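Here the structure comes first, spelled out in structure tokens, and everything after it is commentary.
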Amino acid sequence: AYTPSYLSIIYGEEAMKKPKMILFDYGHTLLYEPGFDFLRGEEALFKYIKSNKNGLTPKEVCDYSLDIFERIGIVREMGFELHEWQFQRFLYEYLEIELSISLPEAEIIFWDNVSAGDIMPNADKALDCINKNAIRSGVISNIAFSGAALTQRINRLLPQNKFEFIIASSEYMFRKPSPMLFELALKKAGLHGEDVWFCGDNVEADIEGSTAVGMVPVWYEDETLENPGRARNKRIIPSCKHLHIHDWCELIEILEGLP
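The sequence shown begins at 29 in this note's numbering and counts up one residue at a time.
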């Protein structure tokens, strides 16, 4: 059982009391995106094409889009984020395609058709527990999609959430594990790092990133759903002290066992 004494052995005295706030990563932590398919997103947008000067197909647009995304990967690896609206604006203007809808509308249509999203197992139960225990909550996500689109998706799939803020890296330039987003979250919350737990699936971005600003990291390692990120980082384990769970019911057990 996850008793306070058990937690103090793993992490330290900080983990023997309920956190004032729990922050979450988005992808493969709260939600995931089954059947992710960029081509399906482009096909959906083609219903809203006003002009297509070069007669390009959805597949041709998708292939060029993926090529651009690969080219800008170095920027993201350096810890900086680009915004989906910037990406779409360049893509369609460069390919001489005009849409009959705005970029914010195009973003939602594209993303919803790439994958409508789904809830990670028992993530909704974890939020119910947090709300019941009056623990504040929020989200920090490395994502190119806009904060508005991310918020809409989270609210649609997890309507019981009481997130005080949802930080999308697209809106704030920096990407985790840069301390900038974590420090921003602490400023927004008006809390110190030791008062906050951060839950995420990515060892470098979430676990080592959050511990660098004094948060208590919770490594959520679901092994039931396919996760490309887990495959890439299969042998990486956190180099810092952390709590390690494989199911959100474990987090519930931890919280219920704390004074």
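Even for Gly, the Cβ is constructed at its ideal location relative to N, Cα and C.
Just so we're clear, the structure is a prediction, and the values are computed from it rather than from any experiment.
> Helix, strand or coil: how does DSSP classify Pro86 here?
Replying inline: helix
> What residue range is occupied by the uninterrupted alpha helix (DSSP H) comprising Pro245?
Replying inline: Premise fails: Pro245 lies in the beta strand (DSSP E), 244-248, not in any alpha helix (DSSP H).
> Under three-state DSSP, which class holds Ile77?
Replying inline: strand
>> Distance cutoff 8 Å, beta carbons only. Does Asn230 sit that close to anything in chain B?
In response: Any reference to chain B falls outside this structure, which holds one protein chain only.
> Sorted by chain position, which residues of the same chain lie with C-beta nearer than 6 Å to Pro245's C-beta, five sequence neighbours on each side aside?
Replying inline: Phe226, Ile235, Ser238, Thr239, His270
>> With DSSP as the reference, identify every bridge partner of Cys302, one or two as the case may be.
In response: Since the first residue of the chain shown is 29 and the last is 287, residue 302 is not available in this structure.
> Tell me, which residues are paired with Asp60 by DSSP?
Replying inline: The sequence shown places Tyr at residue 60, not Asp. Answer is Asp146, bridged to Tyr60.
> Does the separation of the CB atoms of Lys45 and Leu286 fall below 8 Å?
Replying inline: yes
> Is it right to say Thr252 is buried, meaning 16 or more other beta carbons lie within 10 angstroms of its own, or is it exposed?
Replying inline: exposed
> What are the start and end residues of the alpha helix (DSSP H) that includes Glu254?
Replying inline: That residue, Glu254, is in no alpha helix (DSSP H); it is neither H nor E in DSSP.
>> Tell me the rounded alpha-carbon separation between Ala151 and Phe64.
In response: 20 Å
>> Using the three-state DSSP reduction, which class does Glu278 fall into: helix, strand or coil?
In response: helix
>> Count Cβ pairs between the stretch 96-113 and the stretch 187-206 that sit closer than 8 Å; are there 3 or more?
In response: yes
> Which whole-angstrom value describes the C-beta separation of Pro149 and Asp275, a residue pair presumed to lie in contact below a C-beta threshold of 8 Å?
Replying inline: 7 Å
> Are there 16 or more other CB atoms within 10 angstroms of the CB of His56, so buried, or fewer, so exposed?
Replying inline: buried
> By DSSP, does Gly237 sit in helix, in strand, or in coil?
Replying inline: helix
>> Could you give the first and the last residue of the continuous alpha helix (DSSP H) run that contains Ala196?
In response: Careful: Ala196 lies outside any alpha helix (DSSP H), inside the beta strand (DSSP E) at 191-196.
> In terms of residues, what are the limits of the beta strand (DSSP E) holding Ile182?
Replying inline: Run containing Ile182: none in the beta strand (DSSP E); it sits in the alpha helix (DSSP H), 175-185.
> Applying the criterion that 16 or more other CB atoms from any shown protein chain within 10 Å of the CB defines a buried residue, is Arg184 buried or exposed?
Replying inline: exposed
> Within 10 angstroms of its Cβ, does Gly101 collect 16 or more other Cβ (buried), or is it exposed?
Replying inline: exposed
> Where Ala154 and Gly83 are concerned, what is the direct C-alpha to C-alpha distance, given to the nearest angstrom?
Replying inline: 49 Å
>> Can you list, in chain order, the residues of its chain with a C-beta nearer than 8 Å to that of Ala176? Leave out the 5 residues immediately preceding and following it.
In response: Pro132
>> Going by DSSP in three states, Ile136 sits in which element: helix, strand or coil?
In response: helix
> If we call anything under 8 Å between Cβ atoms a contact, is Gln188 one with Asn159?
Replying inline: yes
> Would the beta-carbon of Glu98 fall within 8 Å of that of Gln116?
Replying inline: no
> What residues match up with Val167 in a beta bridge as DSSP calls it?
Replying inline: Phe52, Ile194
>> Among the candidates Leu209, Cys268, Pro266, Arg68, whose CA atom is the shortest distance from the CA of Asp140?
In response: Arg68
>> Is it buried or exposed, Ile37, if we count other Cβ atoms within 10 angstroms and call 16 or more buried?
In response: The pLDDT assigned to Ile37 is 48, lower than 50, so where the model puts this residue is not dependable, and the model offers no usable value.
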